[in-house]
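So the sequences go chain by chain: A and B. Using this note's numbering, the first residue of the first sequence is number 6, and each one after it goes up by one. Using this note's numbering, the first residue of the second sequence is number 7, and each one after it goes up by one. In this text, a Cβ means the ideal position worked out from N, Cα and C, and glycines have one as well. Since the model is a prediction, treat every value here as computed from it, not as a measurement. Worksheet: the structure to be examined is printed underneath.
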Amino acid sequence: MIETQEFKVIGTRPIRPDGIDKVTGRAQYGADIKLQGLLYGRVLRSPHAHARIRSVDVSAAEKLPGVKAVITGRDFPAASNETVHAGEGVVNFSYLSENLMAQTRALYHGHVVAAVAAVDVHIAEEALKLIKVDYEVLTPVLDVIEAMRDDSPVVLQEVRTDELGEKGTKPTNIASHGRHDLGDVDKAFANAAVIVEREFVTGTVHQGYIEPQNGTAISSMDGSITAWTSTQSAWDERREISEVLKVPLAMVRVIPMEIGGGFGGKLNAYLEPLAAALSRKAGHQPVKLTMSRDEVLKATGPTSASVMRVKMGADKSGRIIAAYAWMAYEAGAFPGSPIGAGAAVIFGPYRFENARIDYYDVIVNKPKAQAYRAPGGTNAAYAAEVVVNDLAEKLGIDPLEMRLKNGARQGDRRADGPTYGPIAYLETIEAIKVSAHYNSPKPAPSRLGNKVGRGVASGYWGNWDGRSSASAVINSDGRVSYLEGSTDIGGLRASLAMQLAETIGLKYEDIRPMMGDTQTVGFNDATGGSRSTYGSGMAAHRLGLKIIAEMQKHAAALWDVQPEQVNVKGDVYSCGEKAITFKELAGQLDETGGPISVSVSLDTKGALPTFATQVVDVEVDVETGKLQILRYTAAQDVGRAIHPSYVEGQIQGGVVQGLGWAMHEEYVYDKDGHLLNGSLLDYRMPTALDMPMIDTILVEVPNPNHPFGVKGVGEVPIVPPAGALANAIYDAIGVRMNVLPMNPRNVLKAIGTI
Amino acid sequence: MSRKISVSATINGQENEFLCEPRQSLLEVLRDVLNLTGAKEGCNNGNCGACSVLLDGVLVNSCLVLGVEAQGRSITTVEGLAGDELHPLQRQFLENAALQCGICTPGFLVASKALLEKNPNPTEHEVRYFLAGNLCRCTGYDKIVKAVMAAAEEMRAKA
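See below:
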């Protein structure tokens with residue numbers, strides 16, 4: 006039914022409504038805000054990765070002329086120990102509060118110890134130098150395997166392992182050990198004709214959004230707080246500010262500004278509660294805090310370093326009959342790595358009757374791990390996709406055929422529990438199999454001695470639906486003012502306006518979309534989990550149905566008939582011989598019952614997982630270990646591409662981000678836990694020169710649960726690149742990589758040169 | 007507080023006089039003193055290019071230039087690209103969906119303008135080479151490179 010839908014707006018490529026502001030420099034991002042009496046803040050951070058804080062003396066800083074407020078852990082009331090779902094994961098407010106502002110312990114290099122507001126940022130910086138902190142330096146825990154040892158120093162003394170649901174009895178860094186079991190994995194391995202077992206190690210990486218975190222807030226004399234910030238989730242921010250500062254939810258308003266990238270790293274608060282606490286102390290003047298790049302890398306974001314052991318067994322025909330994974334992810338200084346999602350991703354694309362996954366969440370003295378585009382997925386898929394290719398080679402089967410033979414389909418039960426609905430993984434493999442790229446010869450190396458290889462890999466991501474609200478006003482000229490509440494991080498206003506226009510039969514240009522805030526529009530979950538085009542698109546559709554129903558009433562009043570007698574086709578309302586267009590009717594609202602405004606709030610369901618299969622050609626310089634990506638093609642089940650350019654853009658961006666993780670990116674710590682590469686020179690993200698064009702193949706298998714067939718597209722493209730690249734390196738030089746990043750040093754190590 | 011210095015400069019074609027502290031960067035002056043917030047701070051140490059501006063026609067990271075160094079010079083920011091209509095680069099960035107979050111866009115536009123003034127007919131490789139000082143984390147660069155090539159073609163046809 007959905008397959009035969011014909012669209013007027015969906016599938017076109019209009020220009021985004023916020024476009025002109027964004028190419029002329031007028032768009033207001035978080036750091037661009039100016040307010041009367043604005044003060045500027047700076048944050049003091051721990052120079053130690055692990056220390057006890059004996060005392061913090063701010064008296065000299067407070068006396069510096071121009072300083073208006075100084076805050077420390079003493080200004081933060083004890084937060085509730087409640088753990089709730091927020092953003093793309095869970096948030097424990099006590100740990101959130103302690104992460105925002107240290108109390109008695111500094112838990113990573115860069116942990117906030119105090120903050121200052123002053124009349125300008127330079128005075129605030131001078132004041133930081135006057136704050137005296139007495140630290141007792143402790144031994145840091147920096148490695149996931151060492152952290153798991155019984156004799157390791159313990160980061161958080163209160164933590165007890167959640168061991169398969171039972172609480173442990175002694176202090177530990179292992180926050181939890183979970184297990185998924187399917188069938189009888191031991192017996193199945195005993196029957197396998199071929200078994201491959203490998204270990205993988207991956208480094209800590211960052212989302213790398215170009216806009217540093219920022220937060221501006223006023224704490225008013227009436228106790229209310231207004232915050233302006235770049236956030237993926239205004240409502241989660243509001244909840245966090247409310248919990249941490251003990252202000253009722255309705256007294257907190259979060260106004261999302263334009264946001265300069267997030268990728269999961271801007272789901273939770275860092276600076277907003279500090280700005281509000283400073284404002285409260287600074288005579289209720291507004292305070293703006295922004296992070297430097299060094300602070301962004303030291304104290305926000307990263308996603309987990311990991312160690313994984315993957316074992317897979319197949320029968321002679323190439324059917325995978327058993328799979329086992331042991332996975333340990335670094336959580337950073339507080340529990341909550343994306344290990345659960347990693348455990349879902351690792352075998353997500355495959356079907357087998359026997360599997361076991363043991364997975365551990367491990368605390369270390371690094372910043373709290375945050376969601377990062379398909380959290381926990383890229384490294385997990387890296388491990389599995391290398392093993393699948395190894396298995397295929399040992400069986401003499403083409404890697405794509407191996408995936409077609411073993412690929413998950415509707416009705417298969419995933420190792421971690423859920424049974425797949427109408428998914429479309431195999432279609433992405435077929436798309437690569439028939440692609441121009443896969444069917445052309447490998448390019449020649451650019452230099453004698455270099456080797457060129459081709460590799461494929463697949464990936465799965467779960468996708469989220471979640472809660473979305475929106476409202477609309479019908480203007481007398483027939484245009485629609487549309488307020489939505491999901492953060493627009495890359496063209497969402499356009500994608501949602503298109504869905505509303507399609508629903509009510511108007512042109513894209515007739516919809517004027519705007520992003521609301523926590524006070525002006527109903528509740529919205531985060532822009533995360535690839536949910537917004539799906540969930541908020543559903544809200545746009547429902548909003549459109551409500552608008553149609555209201556317009557039917559007005560047409561009925563015009564013709565003195567019942568609303569059910571009014572037929573609607575596109576933008577034409579008719580009853581018998583009488584007909585009127587949406588625009589004409591909008592001009593007669595006052596004569597037919599008065600103005601129209603509608604709103605919806607939905608708890609959407611029915612998001613479907615998506616799959617991607619990608620192929621890469623790489624040139625390996627065997628003397629230096631340098632990799633050059635020569636060609637890349639990414640196929641993905643996108644459900645229905647609402648705005649194909651933005652879907653392609655998500656795929657291209659995800660692939661390049663995944664290649665950065667695969668090739669270059671990694672946190673480098675010294676033995677004391679100091680981050681050594683806190684700059685964008687040393688934390689090496691891909692540049693335009695590093696990459697070729699990224700070709701995309703949009704496989705459209707509509708989601709029957711969504712009025713327009715949408716599936717989330719933003720995350721899954723980052724899942725396969727590391728595995729695909731490792732498999733291409735093997736094709737080039739016959740070496741199976743088992744470490745991320747696959748930078749020149751690690752490639753030379755794998756070759757055996759160093 | 008350090009003493010402020012009076013600086014005269016031409017900014018986007020307009021004569022301008024402003025006060026700034028010797029320690030303030032040109033980026034800080036543009037954003038905080040002159041209210042031109044189109045140039046963005048992404049790293050404040052010359053690695054990301056989000057603050058790119060033209061100084062006497064030369065592409066610079068405004069975070070690495072002091073405000074006082076602008077004395078007597080001419081500065082072009084993203085706010086100065088469009089006249090009554092968008093610059094071809096701006097329009098091609100929109101038509102080619104070359105921005106997602108848009109935070110790097112002002113820097114890319116200014117850098118691309120500098121490129122096309124030097125080289126009106128760049129190859130894909132030349133575009134990638136010239137823009138390697140500007141980081142984008144959203145797009146994977148594909149659509150940015152295509153937009154710059156399309157703008158170059160359009161500008162050549164008009165010239």
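A:Glu8 to A:Lys39, Cα distance in whole Å? Below a pLDDT of 50, predicted positions are generally treated as unreliable, and A:Glu8, at 47, falls in that range; no measurement from the model is reported.
For the beta strand (DSSP E) containing B:Arg64, name the first residue and the last one. For clarity, residue 64 of chain B is Val in the given sequence; the question names Arg instead. According to the DSSP assignment, B:Val64 belongs to the beta strand (DSSP E) that extends over Val64 to Asn67.
Could you pull the DSSP bridge partners for A:Met520 from this structure? A:Met520 pairs with A:Glu489.
Top-ranked residue by Cα proximity to A:Glu67, from A:Arg298, A:Leu283, A:Ile215 and A:Tyr539: Closest by alpha carbon: A:Leu283.
Is the segment 560-572 of chain A close to the segment 399-419 of chain A, with three or more CB pairs under 8 Å? A contact is defined here as three or more CB-CB pairs under 8 Å, and the segment 560-572 of chain A fails this definition with respect to the segment 399-419 of chain A.
Check the C-beta distance from A:Ala729 over to A:Ala462 and give it rounded, since I have them as a contact under 8 Å. So it is a contact: roughly 4 Å between Cβ atoms.
Under 8 Å from the C-beta of A:Lys27: neighbouring residues of chain B: Near A:Lys27 (Cβ distances below 8 Å), the residues of chain B are Leu105, Gly108 and Thr111.
Where B:Asp148 meets chain A, residues with beta-carbon distance less than 7 Å: Those within 7 Å of B:Asp148 in chain A are Gln657, Met698 and Ile699.
Quick check: the Cα distance between A:Lys588 and A:Ile601, rounded to an integer number of angstroms? A:Lys588 and A:Ile601: Cα-Cα distance of roughly 13 Å.
Pairwise C-alpha distance: A:Ser650 and A:Arg18: Between A:Arg18 and A:Ser650, the C-alpha separation is close to 6 Å.
Neighbouring residues, chain A, relative to B:Arg134 (Cβ below 7 Å): Ala693 and Leu694, listed in chain order.
Which stretch, first to last residue, makes up the alpha helix (DSSP H) that contains A:Leu548? Start and end: Gly542 to Trp564.
Counting only C-beta atoms, is A:His442 closer than 8 Å to chain B at any point? No, A:His442 does not count as interfacial toward chain B.
Residues that A:Gln641 bridges to, as DSSP identifies them: For A:Gln641, which the question treats as bridged, DSSP gives the partners A:Ala617 and A:Leu703.
In its own chain, which residues sit with a C-beta less than 6 Å from the C-beta of A:Leu753, not counting the 5 before and 5 after it? Closer than 6 Å at the Cβ level, and outside the excluded window around A:Leu753, lie Gly630 and Ile759.
Output the boundary residues of the beta strand (DSSP E) element that contains A:Val461. Taken as a continuous stretch (DSSP letters only), the beta strand (DSSP E) holding A:Val461 covers Lys456 to Trp466.
I want to see whether chain A comes within less than 8 Å of B:Arg9, judged by CB atoms only; does it? Taking Cβ atoms only, chain A never reaches closer than 8 Å to B:Arg9, which makes this a no.
Chain-order list of residues whose beta-carbon lies under 6 Å from that of B:Val154 (same chain, five-residue window excluded): Within the same chain, B:Val154 has close Cβ partners Ser118 and Val133.
Between which two residues does the alpha helix (DSSP H) harbouring B:Pro166 extend? Only positions 7 to 165 of chain B appear in the structure, and residue 166 of chain B is not among them; the question remains open.
Starting from A:Asn219 and walking both ways along the beta strand (DSSP E), at which residues does that stretch end? First-last of the beta strand (DSSP E) with A:Asn219: Asn219 to Ser224.
Spell out the partners DSSP gives B:Cys144 in its beta bridges. DSSP lists no partner for B:Cys144.
Can you tell which of A:Asn708, A:Leu590, A:Val577 and A:Phe528 has the C-alpha that lies nearest to the C-alpha of A:Ala255? Among A:Asn708, A:Leu590, A:Val577 and A:Phe528, the Cα nearest to that of A:Ala255 belongs to A:Phe528.
What number of angstroms, rounded off, separates the C-alpha of A:Gln761 from the C-alpha of A:Thr508? What is shown of chain A runs 6 to 759, which leaves residue 761 of chain A out entirely.
Residue-level contact to chain A via CB, B:Thr145, 8 Å cutoff: With 8 Å as the cut-off, B:Thr145 counts as an interface residue toward chain A.
So, is the C-beta of A:Pro746 closer than 8 Å to a C-beta in chain B? A:Pro746 does not count as touching chain B.
Any Cβ of chain B within less than 8 Å of the Cβ of A:Leu686? For A:Leu686, the answer is yes, since a Cβ of chain B falls inside 8 Å of its Cβ.
Is it a yes or a no for the segment 342-362 of chain A touching the segment 371-379 of chain A, going by three-plus beta-carbon pairs under 8 Å? Between the segment 342-362 of chain A and the segment 371-379 of chain A, the count of C-beta pairs closer than 8 Å reaches three or more; the two stretches touch.
Give the residues from the segment 295-328 of chain A that approach chain B closer than 7 Å (Cβ to any Cβ), ordered along the chain. For the segment 295-328 of chain A, the beta-carbon criterion of a distance under 7 Å to any beta-carbon of chain B is satisfied by Ser297 and Arg298.
Using the rule of at least 16 other Cβ atoms within 10 Å of the residue's Cβ for burial, across every protein chain shown, is B:Thr82 buried or exposed? B:Thr82 is buried by the Cβ-count criterion.
Quick one: what does DSSP say A:Trp233 is sitting in, helix, strand or coil? If DSSP states are grouped into helix, strand and coil, A:Trp233 belongs with the strands.
With contact counted as at least three CB pairs below 8 Å, one residue from each stretch, are the segment 468-483 of chain A and the segment 580-595 of chain A in contact? Three or more Cβ pairs closer than 8 Å define a contact, and the segment 468-483 of chain A meets that threshold against the segment 580-595 of chain A.
Quick one: what does DSSP say A:Ile759 is sitting in, helix, strand or coil? Coil.
Answer with buried or exposed for B:Asn125, where buried requires no fewer than 16 other C-beta atoms within 10 angstroms of its C-beta. B:Asn125 comes out exposed.
For A:Met317, the residue or residues it bridges with in DSSP: Bridge partners of A:Met317: A:Val201 and A:Ala328.
Looking at A:Ile702: is its Cβ nearer than 8 Å to the Cβ of A:Thr638? One thing to note: A:Ile702 has its Cβ within 8 Å of the Cβ of A:Thr638.
CB-CB under 6 Å to A:Met6, same chain, minus the five flanking residues each way: which ones, in chain order? Note on A:Met6: pLDDT 37, under 50, position unreliable in the model; the coordinate value appears next. Correct list: empty, nothing qualifies.
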